[in-house]
Ligand SMILES: [Zn+2]
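In this note's numbering, the protein residues as written are 1 to 551.
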């Protein structure tokens, strides 16, 4: 109770009386924002960083040698920029690393053509070229276990030695009215208005949308998927093909969720257009022959993965820390440019700018490039557990983290931010962002959600720490680049990334210079931990129907 009163008084003094803010601003460099803008405008390194993360080291699947090499390069680069204490922090991933090294796919009969595919991660290769007949399985829609058993029993003799198209081809409708590439100022102003009764944004990821409660008598998409895998292994199929079910040739390949190569046959995700063509030829009753050659490799040493950490040391409040980061790991269908090399490049750049213009922050500024995000926020959760614990079971560092800024929604420029904390926590952030309305930044809000999902700031929110999610313009993210074969360097808008780096550098600086840390929830007003969901904790995990439903 005492704590709550203290927070209210602090809030009042900042908004109405202003002595604390005035004091903080006296210590902060009044010309800082123009120095930050100038540094980024004239010496930006973002696209250089992007070239290394994507062209040289992409894709960066957790546990793969590519991810490790990208992390090593980032350490070297940040040391060259003068960051201190740059190091890799190991955490236990518990699965071997996996890479696809070679994949060719062709239809040999009744026509000859190449096919566009990506391998599903943590599945085996073909051990050389294989040629086999194609068959298609079309299980009943939303089956019960009994219906699924009956169906699989009826097709038992069809799969041995054959290549199996698993599931009906999805007819993807042409999008007549594309969604806007940028958010409107009006919508965002309303969203960040502290007096808006609708409250702050709850995120714009597909995974954050309300989902219908599952019917317990029906199998989930995940259960159907697993049962087909088991069935194909048990009955001697030679390869499985999934429909990418996306438009314009995009392929989104996730992983075999057991991470155990013996639990699946070699598996690819095929572009919707090729999957549709083969499905229609099979429906004519014509024999189809396909040829594949897939070489995948596993790396036992990948079971230890690494978070990439570096700092600018603070001065009089050195033991208090402002963190910022994004995830360096990616999926493997492309080079992971918008998800999330650009987030890492932006956060590295924000700290590089501050270092280059010679700031001496009061608090320590620490950048973190996570791994294991795509498999369920694993790296950031391990870090939070190791360093901070949680409000329910805090470690000493728990009380020294001022905030953690996360960016992970593609190439779009930063338009605002949401901080986990009481309404007063948004106020210093709102003030720090206010000078950037000319760059499209529309404000800040406070949130109360402790659910894991979306991205790494929720690992902090979940622990009761002030995680800050940066809201960005959508550009093409969820339409085209998120986890797809189109996620390449070409889809980065350099000017947007530079803008985000400027805004984040400025916000980090202001927080690092304030007299007080951000107001936090106390023990009395901390939202309770949500009940763990029986399914995956991370929104970035495979959601087989999510993107398809949106089209
Ligand atoms: Zn991401």
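All C-beta atoms, glycine included, are put in the ideal place defined by N, C-alpha and C.
When you compare the CB positions of residue i and residue j, do they come within less than 8 Å of one another, or not?
{"i": "residue 424", "j": "residue 322", "result": "no"}
{"i": "residue 448", "j": "residue 268", "result": "no"}
{"i": "residue 246", "j": "residue 272", "result": "yes"}
{"i": "residue 492", "j": "residue 405", "result": "no"}
{"i": "residue 85", "j": "residue 166", "result": "no"}
{"i": "residue 369", "j": "residue 298", "result": "no"}
{"i": "residue 93", "j": "residue 378", "result": "yes"}
{"i": "residue 159", "j": "residue 261", "result": "no"}
{"i": "residue 375", "j": "residue 49", "result": "no"}
{"i": "residue 411", "j": "residue 497", "result": "yes"}
{"i": "residue 457", "j": "residue 443", "result": "no"}
{"i": "residue 465", "j": "residue 401", "result": "yes"}
{"i": "residue 310", "j": "residue 78", "result": "yes"}
{"i": "residue 384", "j": "residue 415", "result": "no"}
{"i": "residue 483", "j": "residue 333", "result": "yes"}
By alpha-carbon positions, which one of the options ends up nearest to residue i?
{"i": "residue 327", "options": "302, 282, 291 and 381", "result": "381"}
{"i": "residue 463", "options": "523, 308 and 277", "result": "523"}
{"i": "residue 81", "options": "532, 450, 312 and 273", "result": "312"}
{"i": "residue 163", "options": "107, 153, 183 and 154", "result": "107"}
{"i": "residue 285", "options": "49, 501, 386 and 136", "result": "136"}
{"i": "residue 145", "options": "158, 223 and 502", "result": "223"}
{"i": "residue 306", "options": "333, 470 and 65", "result": "65"}
{"i": "residue 431", "options": "290, 370, 482 and 508", "result": "508"}
{"i": "residue 316", "options": "295, 374, 433 and 361", "result": "361"}
{"i": "residue 252", "options": "169, 481 and 521", "result": "481"}
{"i": "residue 471", "options": "433, 486, 459 and 479", "result": "433"}
{"i": "residue 149", "options": "37, 228, 355 and 521", "result": "228"}
{"i": "residue 129", "options": "490, 439 and 291", "result": "291"}
{"i": "residue 514", "options": "189, 270 and 314", "result": "314"}
{"i": "residue 96", "options": "483, 75, 372 and 418", "result": "372"}
{"i": "residue 265", "options": "325, 143, 300 and 161", "result": "161"}
{"i": "residue 103", "options": "367, 293, 525 and 385", "result": "293"}
{"i": "residue 331", "options": "486, 436 and 383", "result": "486"}
{"i": "residue 37", "options": "495, 445, 526 and 527", "result": "495"}
{"i": "residue 230", "options": "156, 341 and 476", "result": "156"}
{"i": "residue 301", "options": "40, 42 and 67", "result": "67"}
{"i": "residue 124", "options": "176, 183 and 263", "result": "263"}
{"i": "residue 172", "options": "194, 234 and 274", "result": "274"}
Tell me which residues share the same chain as residue i and place their Cβ nearer than 7 Å to its Cβ, disregarding the 5 neighbours each side in the sequence.
{"i": "residue 70", "result": "53, 57, 60 and 328"}
{"i": "residue 25", "result": "With a pLDDT of 42 at residue 25, under the threshold of 50, the modelled position of that residue is not reliable, and no figure is offered here."}
{"i": "residue 5", "result": "For residue 5, the predicted model reports a pLDDT of 36, less than 50, meaning its position is unreliable and no value from the coordinates is stated."}
{"i": "residue 532", "result": "none"}
{"i": "residue 545", "result": "Model confidence at residue 545 stands at a pLDDT of 31, short of 50, so the residue's coordinates are unreliable and nothing is read from them."}
{"i": "residue 45", "result": "349 and 352"}
{"i": "residue 355", "result": "81, 82, 83 and 312"}
{"i": "residue 147", "result": "140"}
{"i": "residue 214", "result": "220"}
{"i": "residue 185", "result": "442"}
{"i": "residue 23", "result": "For residue 23, the predicted structure reports a pLDDT of 45, less than 50, and the residue's modelled location is therefore unreliable. The matter cannot be settled from this model."}
Throw me the rounded Cβ distance for the residue i and residue j pair, which I believe falls under 8 Å.
{"i": "residue 249", "j": "residue 116", "result": "6 Å"}
{"i": "residue 318", "j": "residue 364", "result": "6 Å"}
{"i": "residue 90", "j": "residue 304", "result": "5 Å"}
{"i": "residue 506", "j": "residue 33", "result": "5 Å"}
{"i": "residue 473", "j": "residue 181", "result": "7 Å"}
{"i": "residue 31", "j": "residue 489", "result": "Between residue 489 and residue 31 the Cβ distance is about 34 Å, and since that is not below 8 Å, they are no contact."}
{"i": "residue 142", "j": "residue 218", "result": "5 Å"}
Quick one: what's got a C-beta closer than 6 Å to residue i's C-beta in the same chain, skipping five residues either side?
{"i": "residue 122", "result": "98, 255, 256 and 259"}
{"i": "residue 499", "result": "413 and 439"}
{"i": "residue 204", "result": "Note that residue 204 scores a pLDDT of 47, beneath 50, so its modelled location is shaky and nothing firm can be said."}
{"i": "residue 469", "result": "406, 418 and 457"}
{"i": "residue 226", "result": "none"}
{"i": "residue 138", "result": "168"}
{"i": "residue 113", "result": "107"}
By Cβ distance, which residues of its chain are closer than 8 Å to residue i, with the 5 residues on each side in sequence left out?
{"i": "residue 288", "result": "107, 109, 110, 133, 134, 278, 281 and 282"}
{"i": "residue 101", "result": "295, 296 and 297"}
{"i": "residue 395", "result": "387, 388 and 389"}
{"i": "residue 35", "result": "29 and 357"}
{"i": "residue 529", "result": "392, 450 and 462"}
{"i": "residue 174", "result": "247"}
Flag residue i as yes if its beta-carbon sits less than 8 Å from any beta-carbon of chain B, otherwise no.
{"i": "residue 110", "result": "Absent from the structure: chain B. Only one protein chain is present."}
Ligand 3 and residue i: does the residue's C-beta get closer than 7 Å to at least one heavy atom of that ligand?
{"i": "residue 373", "result": "Among the ligands in the structure shown, ligand 3 does not appear; only ligand 1 can be found there."}
Which runs of the beta strand (DSSP E) fall wholly inside the stretch 399 to 462 and span at least 3 residues, in chain order? Taking only runs of at least 3 residues, the beta strand (DSSP E) segments lying wholly in the stretch 399 to 462 are 401 to 406, 414 to 420 and 444 to 447.
I'd like the ranges of any beta strand (DSSP E) spanning at least 3 consecutive residues and lying wholly in the stretch 119 to 182. Within the stretch 119 to 182, complete beta strand (DSSP E) segments of at least 3 residues are found at 129 to 137 and 163 to 166, given in chain order.
Which ranges does the beta strand (DSSP E) cover as unbroken runs of at least 3 residues, wholly within the stretch 356 to 397, from first to last along the chain? Along the length of the stretch 356 to 397, whole beta strand (DSSP E) runs at least 3 residues long occupy 363 to 370, reported in chain order.
Mind pulling the beta strand (DSSP E) runs of 3 or more residues that sit fully within the stretch 302 to 329? You should have 304 to 312 and 317 to 327.
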